[in-house]
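Input: a single structure, listed below in structure tokens.
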Amino acid sequence: MRYIDLHCDTLTESLKSGESFMGGALQSSAEKLKKSGCAVQCFAIFTQGAQAAAFFDKSLNYYRNMLDLNVNNLVSADTADGLSACINGGKTGAILTVENLGFLQGDTDKLYALKKAGVKMASLVWNYENEFAYPNIVFKDGIPQFDKREMRGLKPKGREAVEILDGLKIIIDISHLSDGGAEEILKNRKIPAVASHSNAAEVWNVSRNLTDKQIKLLAGCGGIAGINFCKDFLGSGATARDTFEEAFLHINHMINVGGEDVVALGSDFDGIPAPAGLEDCTKVQKLLMYLSERGISSRICEKIAYKNALRVFTEFLP
617 MRYIDLHCDT LTESLKSGES FMGGALQSSA EKLKKSGCAV QCFAIFTQGA QAAAFFDKSL
677 NYYRNMLDLN VNNLVSADTA DGLSACINGG KTGAILTVEN LGFLQGDTDK LYALKKAGVK
737 MASLVWNYEN EFAYPNIVFK DGIPQFDKRE MRGLKPKGRE AVEILDGLKI IIDISHLSDG
797 GAEEILKNRK IPAVASHSNA AEVWNVSRNL TDKQIKLLAG CGGIAGINFC KDFLGSGATA
857 RDTFEEAFLH INHMINVGGE DVVALGSDFD GIPAPAGLED CTKVQKLLMY LSERGISSRI
917 CEKIAYKNAL RVFTEFLP
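According to our numbering, the sequence shown is numbered sequentially starting from 617.
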């Protein structure tokens with residue numbers, strides 16, 4: 617079954633570590649993506665720190681070069697027609713996203729340059745507060761308190777950024793965003809938003825996972841949440857069967873709370889330690905088979921694998 621993955625850190629990991637984007641040890645290399653049956657992979661440019669703006673520019677150039685060098689495996693999927701062709705064809709489509717807009721330092725005029733650069737989805741914040749928003753991780757003495765939730769909403773520049781991003785048709789990603797910020801974006805929203813790599817807090821109670829209220833609000837605007845494969849957010853299991861069962865529990869809960877149109881995949885590959893059973897993207901098909909074994913119909917499995925994400929992206933892509 618073809619699938620769409622809403623989030624990976626492969627681009628950043630390849631650039632920083634020197635691991636080959638084509639193959640090697642990366643969890644979502646170009647060769648592995650083709651082998652896995654991935655229809656579309658969202659490649660995030662992750663930015664954080666003093667050199668974040670320069671790193672964004674470096675990452676953008678690297679992304680373009682990698683597409684040029686991997687034409688037999690990857691093709692840009694930045695139009696609705698291109699996206700459909702990737703679902704039906706053998707190559708993997710690539711969609712460019714940004715994780716953490718903090719590198720803009722609150723300058724919302726620079727959002728227009730992101731549109732020109734081909735960015736299709738963006739999150740306001742990562743794990744640390746910036747000029748736009750607060751993260752959904754609360755720290756005490758530098759240590760994350762995963763049982764606490766951040767209720768502060770968007771900052772004024774964050775509200776301005778949301779309005780501009782919506783106008784530019786860049787999908788807003790609420791993964792990592794505070795509860796207050798997420799609810800501010802989602803309440804009464806008329807167009808989809810995405811939680812690209814977040815699970816269900818009722819299944820595994822960490823602040824990086826979505827509350828039932830957030831899942832319902834995402835569903836209400838036609839949005840989707842991509843199941844994150846990181847063990848810290850799935851559960852505590854150590855075996856492949858544990859991993860698959862925990863993913864099933866999150867997926868099943870999200871369907872029960874928000875309906876079958878709200879769930880997608882958001883692996884976080886190359887940004888997480890390899891979980892048992894989902895060591896890299898070539899194992900995604902085993903997860904989809906497990907969902908079927910646990911009673912999720914083939915029709916809903918297809919929605920989880922690619923149809924829900926396809927619906928959202930088609931609404932935003934030219």
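C-beta: ideal position from N, C-alpha, C; glycine also.
### Message
Tell me the DSSP secondary structure of Asp848 in three-state form.
### Response
helix
### Task
Could you tell me which residues DSSP puts in a beta bridge with Glu715?
Phe662, Ser739
### Message
Give me, in chain order, the residues of the same chain whose beta-carbon lies closer than 7 Å to that of Lys899; leave out the 5 immediate sequence neighbours on both sides.
### Response
Gly893
### Task
Return the residue from the list Asn716, Val754, Phe762, Glu766 that minimises the CA-CA distance to Glu747.
Asn716
### Same chain only: Cβ atoms within 8 Å of Leu904, ignoring 5 sequence neighbours per side
Exclusion of the five residues before and after Leu904 leaves Met617, Tyr619, Cys917, Ile920, Ala921 as the residues of its chain whose Cβ lies within less than 8 Å of its Cβ.
### Message
With three or more C-beta pairs closer than 8 Å as the rule, is the segment 762-770 touching the segment 792-802?
### Response
yes
### Task
Just mark Arg824 as buried or exposed, buried being the case when its beta carbon has 16 or more other beta carbons within 10 Å.
buried
### Task
Assuming Ala841 contacts Ala811 (C-beta within less than 8 Å), just tell me the rounded distance between them.
4 Å
### Query
What residue from Leu690, Lys771, Val741 has the CA that sits closest to Gly653's CA?
Check the Cα spacing between Gly653 and each of Leu690, Lys771, Val741: the tightest is with Leu690.
### Task
Output the boundary residues of the beta strand (DSSP E) element that contains Cys624.
619-624
### Query
For the segment 721-734 against the segment 628-638, are there 3 or more C-beta pairs whose distance is under 8 Å?
Result no; under three Cβ-Cβ pairs closer than 8 Å.
### Task
Consider the Cβ of Ile840: report whether some Cβ of chain B lies at a distance smaller than 9 Å.
Judged by its chain identifiers, the structure shown contains no chain B, having just a single protein chain.
### In DSSP terms, what Cys654 is bridged to
Tyr619
### Task
Within the same chain, show all residues whose beta-carbon is closer than 6 Å to that of Gly718, passing over the 5 residues directly before and after it, in chain order.
Asn746
### Task
Could you check which residue in Asp884, Lys829, Ala880, Asp877 has the C-alpha nearest to that of Gln643?
Asp884
### Query
Between Leu833 and Ala668, what straight-line distance do the alpha-carbon atoms span, to the nearest angstrom?
In a straight line, the C-alpha of Leu833 is about 32 Å away from that of Ala668.
### Query
How many Å lie between Asp625 and Thr663 at the Cα?
11 Å
### Task
Quick one: give me the first and last residue of the beta strand (DSSP E) that Lys764 is part of.
Per DSSP, Lys764 belongs to no beta strand (DSSP E) and is neither H nor E.
### Query
Looking only at DSSP bridge pairs, what is Pro760 linked to?
Phe755
### Task
Identify, in the order they occur along the chain, each residue of the same chain with its Cβ nearer than 8 Å to the Cβ of Ala854, setting aside the five sequence neighbours on each side.
The beta carbon of Ala854 is closer than 8 Å to those of Ala892 in its chain, skipping five residues each way along the sequence.
### Query
Tell me which same chain residues have a C-beta within less than 6 Å of the C-beta of Val928, skipping the five on either side of it?
Pro808, Ile840
### Query
Whole-angstrom Cβ separation of Ile786 and Val778, contact assumed at under 8 Å?
Incorrect: roughly 10 Å between the Cβ atoms, too far for contact.
### Task
May I ask you to list the residues that DSSP assigns as paired with Thr695?
Bridge partners of Thr695: none, in fact.
### Task
For Leu881, collect the residues of the same chain with a Cβ closer than 8 Å to its Cβ; drop the 5 residues on either side in sequence, then sort them by chain order.
Tyr619, Ile620, Asp621, Leu622, Gly842, Ile843, Val900, Ile920, Ala921, Ala925
### Query
Does DSSP classify Phe860 as helix, strand or coil?
Looking at Phe860 - three-state DSSP - the assignment turns out to be helix.
### Query
Exposed or buried, what is Ala666 when buried is set at 16 or more other beta-carbons lying within 10 Å of its beta-carbon?
exposed
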